[in-house]
Structures are given as C-alpha cells and as structure tokens.
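Data block below; observations after.
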Amino acid sequence: MAKSKIEEYSKIIRPQNFDEIMMLAERVRGRRIKMVNATAIGGGVAEILTRVIPLFNELGIKTKWEVIKGSGEFFGVTKALHNALHNNKAEITEQMLNIFNETTKTNIAEMIFDEDVVIIHDPQPAGLIAAKEKSKAKWVWRCHIDTSHPQPDAWNFIKGFVEKYDASIFSTPWFAKVLPIPQYFIYPAIDPLAEKNRELSAHEINTVLQKYKVDRSRPIITQISRFDYLKDPLGVIETYKLVKKHIDCQLVLAGGGATDDPEGGQVLSEVQEAAKGDPDIHILLLPPFADLEINALQRASTVVLQKSLREGFGLTVTEALWKAKPVVASAVGGITLQVIHNFTGMLVHSVEGAAYQTRYLINNPQIAKKLGEYGREHVREKFLITRKIRNYLLLLIALDNPGRDVIQL
Ligand code: UDP
Numbered sequence: 050m051a052k053s054k055i056e057e058y059s060k061i062i063r064p065q066n067f068d069e070i071m072m073l074a075e076r077v078r079g080r081r082i083k084m085v086n087a088t089a090i091g092g093g094v095a096e097i098l099t100r101v102i103p104l105f106n107e108l109g110i111k112t113k114w115e116v117i118k119g120s121g122e123f124f125g126v127t128k129a130l131h132n133a134l135h136n137n138k139a140e141i142t143e144q145m146l147n148i149f150n151e152t153t154k155t156n157i158a159e160m161i162f163d164e165d166v167v168i169i170h171d172p173q174p175a176g177l178i179a180a181k182e183k184s185k186a187k188w189v190w191r192c193h194i195d196t197s198h199p200q201p202d203a204w205n206f207i208k209g210f211v212e213k214y215d216a217s218i219f220s221t222p223w224f225a226k227v228l229p230i231p232q233y234f235i236y237p238a239i240d241p242l243a244e245k246n247r248e249l250s251a252h253e254i255n256t257v258l259q260k261y262k263v264d265r266s267r268p269i270i271t272q273i274s275r276f277d278y279l280k281d282p283l284g285v286i287e288t289y290k291l292v293k294k295h296i297d298c299q300l301v302l303a304g305g306g307a308t309d310d311p312e313g314g315q316v317l318s319e320v321q322e323a324a325k326g327d328p329d330i331h332i333l334l335l336p337p338f339a340d341l342e343i344n345a346l347q348r349a350s351t352v353v354l355q356k357s358l359r360e361g362f363g364l365t366v367t368e369a370l371w372k373a374k375p376v377v378a379s380a381v382g383g384i385t386l387q388v389i390h391n392f393t394g395m396l397v398h399s400v401e402g403a404a405y406q407t408r409y410l411i412n413n414p415q416i417a418k419k420l421g422e423y424g425r426e427h428v429r430e431k432f433l434i435t436r437k438i439r440n441y442l443l444l445l446i447a448l449d450n451p452g453r454d455v456i457q458l
C-alpha cells in the first residue's frame, strides 16, 4: 500500500487547515507517544490507528502502537464490559473483574512506558494506568464507546481507572461523564487517501463485484460491519426482506472479525441461518485488510445501511458518506453526528423505518444522489483524518499546559 504523504491532503482540505497542521506540528515535534489498544485488526480503533500513526511520524511525532495480550476468557470479559458501557444488557461478576485485573497485571509486567505521552484506547487496556507511577508520561484515556447511558456497575469499574489519567477524550460531548480530569472531545475520522476510501475505477469495482457474484444490474443494499449483535445484522436481513417484497434487490452483508471480539462466530452462524435459501443475500466473511473489497462494495451499493443498535461513532457510515452514497442508519450514538436526517442521509428507529427509507431512496435516485453529495461535503468538513490530527496536536499542546483554559499559539 502506498504511504500517504502529508502534502497530498492539501489537495483535499482547505489550505488554511493544512497550514494550521504544519504550524501546530512544529510546536510538538519530537514528542514520543505510545498508543495502546486491544486489537491490531478489525474494528474502528485499529482502522484509525493504522492511518493516524504513520502521519504522526511523518509530522515528527514519534508514535508507537502496542496491543495488549489476553486470553479468550479476558476478551469475553472485555466484550461484556463493552456491551454494558453501551447500555446493553451484560452480566459483570466479581470473577470477571478479577480476570480483567490479572490480565492487566500480566500486560504491565511486559510493557515499558518511557514515552512522553501514553494514549490508551477503550476499556480493555484502561487498567494499564497502574503503571503510571513508574513512568514520566502524561496518560490519556481515549474512549470510542457511547458512554452516555452505561450500566452503572460497568462504568464504576472503568471509572476507577479513568480518574487516575491526566486527561480523557470522548467522541462527542454527548458521551461526557462526571470526572475529576479534563475531558476533550475529538470526532473519529477516516483517511480519504487510504485504500479503503480512495477513488476506484469502474473496472476495479466490477472485478470485486464479479468475485462475489453480486449482480450490478439490480439494486444493492449493503451493510459492512463486524458480525456483532450491536450491529443488528439480523435486523438488516429483516429490512432487506421487507424491501424485497416490492423491489427485486440484493443484500450484501459483509464483515470480518476482530481479535478482541469473541462473539463473531456465533453471530455469523445466526446470520447464515436467517439468510438461508435466498441467493440474493450475500453474506461475505471478509479477511483482514480487505480494504479494496470494502471500498468497491460500498461504491457499488445503491443504499448503504447501518442498522446498529448502539454505536460509538460508526466509521462505516463515514466511509459510505465520503463515497457520496445514500445512507440509511439507526439514530444511535455517533451516527447522529454524521447523518443529518433528510439532508446527509436518513435516520431510522426500526426495521420497518429502515425498509421504508431504503425503498424510498431506491425509488428516488435523484434524492438519493443529493443526500450522498451533501454527505460527502459533511465528511470533508468534519470527519477527515486531517481534522483529527489537528485536534491531537492541540491536545499535545494542552497537555503541556495543564490547568490553563486559554493557550496563546
Ligand atoms: N471493517 C473492516 N473489515 C470488516 C468489517 C469492518 O475493515 O470486515 C472496517 C470498516 O470498514 C470500518 C471499521 O472496520 O473502517 C469499523 O469501524 P466502525 O466504527 O464502523 O465499527 P466498530 O467495528 O469499531 O464497532
């Protein structure tokens, strides 16, 4: 994959935004950062880190990425915590918390924290903060989850760690918590130059669609997501079945797993069962780094669905909007930052609503096209990686100036 050069972004974003990045980078050049999360492959956090870290290094901020280790049992515990923080029913027992604490200790014993700033992503590695007393770094907890209505036991457990950090980052003020540490708000973002988002030729798109035997002459409804209950893949199939009563369409439900998500296999088999017998439902189990495939599937779609029951942000929505696709998505979590109803896409609250809006957009291609165009501009303005880099640079400057509300640059 070609490495993106920072100058290339100047062709996509406003010149003043680009200049600002270069000016801010100058202020923090040479800083050493460590990013830590729970998986190198699969899911939005890995996606973001894969793109942000090379750019940081290119800007002179020496950034490393480490992934914590854990058994299947540990990731079962962290998945339950993840669900509970998203306000989805999950039982959290004393024994589970012990497993979490033991794995945290093992990871701490194997890691060295000698950077200037350590940024810990999400709950799985949150306990690493116990290593703070032996390090000189500033510690930041970056939360990618919609924590607006967490199960109290799960939040109280994680909060015990979070309070010890120097600062926290949430995706939007909607997810803010009562904390004794500063809270910063940074939207997630996509990289327009990544293989997953770059422009594709018609030939490239057709080749992928032929490979998966998807017929381009009939409407295609697509959801790209890990096989996770919270992405509601069964709701996607129900939606498609309602649309199919009126329109001869196809469904592409494509996704892989993440190494920190042990539920994927079970969800996939339920999805395969629900799709059985319908040759127009394409359940695609994608390998890691299927970026070109995902790009092509999104671009070939007539409508992109994101029928999540909970969602921290939903990078798959951003990716589809950037490709000027009409999006029908649940009005949950960070999706509502991206999809402004009837302007950059359609927000829905049920299977019936999703089916109604999907039919409407398939039957009204001019309206679908307009939504897509507005969606792309919305992403250009708010959800591209350059804006995120700018925010992170400002964060590094803020960490150098604790307690100050106004910093002269
Ligand atoms: N993704 C992928 N392969 C898959 C499924 C998803 O590369 O099989 C990518 C997807 O394109 C997006 C990210 O993983 O970039 C998912 O991020 P999102 O915020 O939508 O959801 P998360 O998985 O983090 O809950």
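Every position in the sequence shown, counted from 1, becomes a number in the numbering used here once 49 is added.
A virtual CB, placed ideally from N, CA and C, is assigned to each residue, including glycine.
Here the segment 134–148 lies against the segment 195–211, with 3 or more beta-carbon pairs under 8 Å apart.
For the set Arg408, Gly421, Asn413, Ala417, the Cα lying nearest the Cα of Leu370 is the one of Gly421. Partner residues in a beta bridge of Met145, as assigned by DSSP, do not exist.
Glu69 and Arg408 have their C-alpha atoms some 43 Å from each other. Rounded to whole angstroms, the separation of the alpha carbons of Tyr233 and Ile273 is 29 Å. Looking from the CA of Ala89, the closest CA among Phe124, Pro337, Tyr278, Thr256 belongs to Pro337.
From the listed residues Phe124, Leu386, Phe162, the smallest Cα separation to Met145 is found for Phe124. When DSSP states are grouped into helix, strand and coil, Glu115 belongs to the strand group. A buried status is given to Gln387, since no fewer than 16 other beta-carbon atoms sit within 10 Å of its beta-carbon. Shown here, Ser59 sits in a helix according to DSSP, grouped into three states. As a beta-bridge residue in DSSP terms, Arg191 pairs with His170, Ile218.
Contact between Val167 and Val85 holds, since their C-beta atoms are separated by about 7 Å, short of 8 Å. The alpha helix (DSSP H) runs of length 4 or more contained entirely in the segment 270–312 are, from start to end of the chain, 282–293. Note that the C-beta distance between Ser250 and Ile230 is not below 8 Å. The three-state secondary structure of Val381, taken from DSSP, is coil.
By the criterion of a C-beta distance shorter than 6 Å, Thr152 is surrounded in its chain by Gly119, Phe123, once the five residues flanking it on both sides are discounted. In the structure shown, the three-state DSSP call for Phe432 is coil.
Taking C-alpha positions only, Ile102 is separated from Pro282 by approximately 31 Å. For the pair Leu317 and Leu334, the CB atoms are nearer than the 8 Å cut-off. Cα atoms of Arg436 and Lys294: separation of roughly 43 Å, rounded to the nearest angstrom. Here Gln387 is not bridged, per DSSP, to any residue.
Assignment of Arg80 by DSSP, reduced to helix, strand and coil, places it in the coil class.
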